[in-house]
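Everything on this sheet refers to the single structure shown next.
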Amino acid sequence: MARRASRVNTDEEEVELNMTPMLDVVFILLIFFIVTSVFIKEPGVDTVRPDAVTEDDENPSMLVAVTAENEVWVNRRVYEMNELRGVIEQLLQENPKGRAMIQGDEGANIGLILDVQELLSEMDVEVKISTLQ
Amino acid sequence: MRRRQQHKDDQAEVNMTPMLDIVFILLIFFIVTATFLSEEGIDMRPPPDNDTPPPPDAAPPIVIQVDGDNEIFVNQVRTDVDRVLSAVNRFRAEEPNSAVLLEVYDEAEHGIIVQIWDEMGANGVPVSIQRQTDG
């Protein structure tokens, strides 16, 4: 009975939840997600990629698409080959250690894909050819 | 002034709830936008240049040519895309250490080149790619 009485007493006080430890955890999570988030710029065009058996998993941060009509797409826009270097440089400034991936359509000309690959290799960007998942 | 001094006696507590709301919204935004994009791909880059000449007893490479009309020639013999591997294996039966050199015209289709590259890679045949520039 005595216990019960004391409980009633505390109820009357203003109950406040100590949120500081939760806030710490939330902040740490927030910082983790800010640091790890890489905003990938999608090429904005769908390509039918060839299938392969010897493929490796990659985490690219730069995507270049080459369509069957031999258009080069980066960040939802079509670019000519001579404009591509500037665009890649811009992307590299945001993410200097970025790795690139070329999403080539099955019907694209291999010459264009090799052009893009050579350009990226020249700029010291690791580049792979994307295949069907 | 008088009023303020009176308030000083109270225990000052910062109301953290609005800040917590904002932090939660930011957290949810970053969780949602964190796209852990994973792709699958193959490495088709040519090997780095080296100046050392190949040893004189090295086997000559098997040349696979793919022309602008997507016709495939293995050591000058015309082949179908599905029979490339068997043709290469036939040549490699005689010269087991010979590598494959893919000579492609610019107008060849990407899909066919990747298919051949992948078949060679899956069967442990060393393969390299070279562009054919003349007409």
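Just so you know, the sequences run in chain order H and B. The opening residue of the first sequence carries number 320 in the working numbering; numbering runs sequentially from there. The opening residue of the second sequence carries number 3 in the working numbering; numbering runs sequentially from there. For glycine and all other residues, C-beta sits at the position ideal for the given N, C-alpha and C.
Run down chain H in chain order and give the residues with a C-beta less than 8 Å from the C-beta of I115/B. In the second sequence, counting from the first residue as 1, residue 115/B sits at position 113. Under the 8 Å cutoff, chain H gives I429.
Chain H partners of G126/B, CB-CB under 8 Å? Position 124 of the second sequence, counting from 1, holds the residue named residue 126/B. Scanning chain H for C-beta atoms nearer than 8 Å to the C-beta of G126/B yields nothing, as the closest lies near 10 Å away.
To the nearest angstrom, report how far apart R80/B and V364/H are at their CA atoms. Here residue 80/B refers to the residue found at position 78 when the second sequence is read from its first residue. Here residue 364/H refers to the residue found at position 45 when the first sequence is read from its first residue. Using only the alpha carbons, I get a separation of about 35 Å.
When the Cα of I114/B is compared with those of D82/B, I24/B, D51/B, Q78/B, which residue comes out closest? Taking the first residue of the second sequence as position 1, residue 114/B is located at position 112. That would be D82/B, whose Cα lies nearest to the Cα of I114/B.
May I ask you to list, following chain order, the residues of the segment 22 to 37 of chain B that have a beta carbon less than 7 Å from some beta carbon of chain H? L22, V25, F26, L28, L29, F32, I33, T35, A36, T37
Which whole-angstrom value is the C-beta distance of E97/B and A61/B, which I expect to be below 8 Å? Within the second sequence, residue 97/B is the residue found at index 95, counting from 1. Within the second sequence, residue 61/B is the residue found at index 59, counting from 1. Indeed, because the Cβ distance is near 4 Å, the residues count as touching under 8 Å.
Take I432/H as the anchor and find which of R133/B, S100/B, V86/B, M122/B has the nearest alpha-carbon. As a first step, residue 432/H must be located in the first sequence, where it is residue number 113. The residue with the shortest Cα to Cα distance from I432/H is R133/B.
Compute the distance between the beta-carbons of E377/H and E42/B, then report whether it is under 8 Å. Your numbering for residue 377/H matches position 58 in the first sequence. Your numbering for residue 42/B matches position 40 in the second sequence. With contacts defined as CB atoms closer than 8 Å, E377/H and E42/B qualify as a contacting pair.
Quick one: what does DSSP say Q409/H is sitting in, helix, strand or coil? Position 90 of the first sequence holds residue 409/H. Correct three-state label for Q409/H: helix.
Quick check on V106/B - is its C-beta less than 8 Å from some C-beta in chain H? Here residue 106/B corresponds to residue number 104 of the second sequence, with the count starting at 1. Between V106/B and chain H, the shortest Cβ-Cβ separation is below 8 Å.
Does the beta carbon of A14/B sit closer than 8 Å to a beta carbon anywhere in chain H? On the second sequence, residue 14/B is found 12 positions in, with the first residue counted as 1. Taking Cβ atoms only, chain H never reaches closer than 8 Å to A14/B, which makes this a no.
What is the DSSP secondary structure of R94/B, reduced to helix, strand or coil? The residue given as residue 94/B occupies position 92 in the second sequence. Correct three-state label for R94/B: helix.
Output, in sequence order along the chain, the residues in the segment 363 to 395 of chain H whose CB is closer than 7 Å to any CB in chain B. P369, A371, V372, T373, E374, D375, D376, E377, N378, P379
Consult DSSP for E437/H and reduce its assignment to one of helix, strand or coil. Stepping through the first sequence from its first residue, residue 437/H is reached at position 118. Three-state DSSP puts E437/H in a helix.
Comparing the C-beta of E425/H with each C-beta of chain B, is any distance below 8 Å? The residue you call residue 425/H lines up with position 106 of the first sequence. Closer than 8 Å: yes.
Along the beta strand (DSSP E) that carries G363/H, what are the first and last residues, could you check? Counting from one through the first sequence, the residue named residue 363/H turns up at place 44. Premise fails: G363/H is in no beta strand (DSSP E) and is neither H nor E.
I'd like to know if R94/B contacts chain H, where contact means its C-beta is closer than 8 Å to some C-beta of that chain. For this step, residue 94/B is matched to residue 92 along the second sequence. Not one chain H Cβ lies under 8 Å of R94/B.
Cβ neighbours of D424/H in the same chain (closer than 6 Å, five flanking residues each side left out): For this step, residue 424/H is matched to residue 105 along the first sequence. Cβ within range, chain order: T366, V367, T386, A387.
So that I know if they touch, is there some Cβ in chain A lying closer than 8 Å to that of A101/B? In the structure shown, chain A does not exist; the protein chains are H and B.
Euclidean distance between Cα positions of L438/H and R404/H: Translated into the one-based positions of the first sequence, residue 438/H becomes position 119. Translated into the one-based positions of the first sequence, residue 404/H becomes position 85. L438/H and R404/H: Cα-Cα distance of roughly 7 Å.
Taking the continuous beta strand (DSSP E) assigned at D343/H, which residues delimit it? Here the question's residue 343/H lines up with position 24 in the first sequence. Element bounds for D343/H: not the beta strand (DSSP E) but the alpha helix (DSSP H), 339 to 355.
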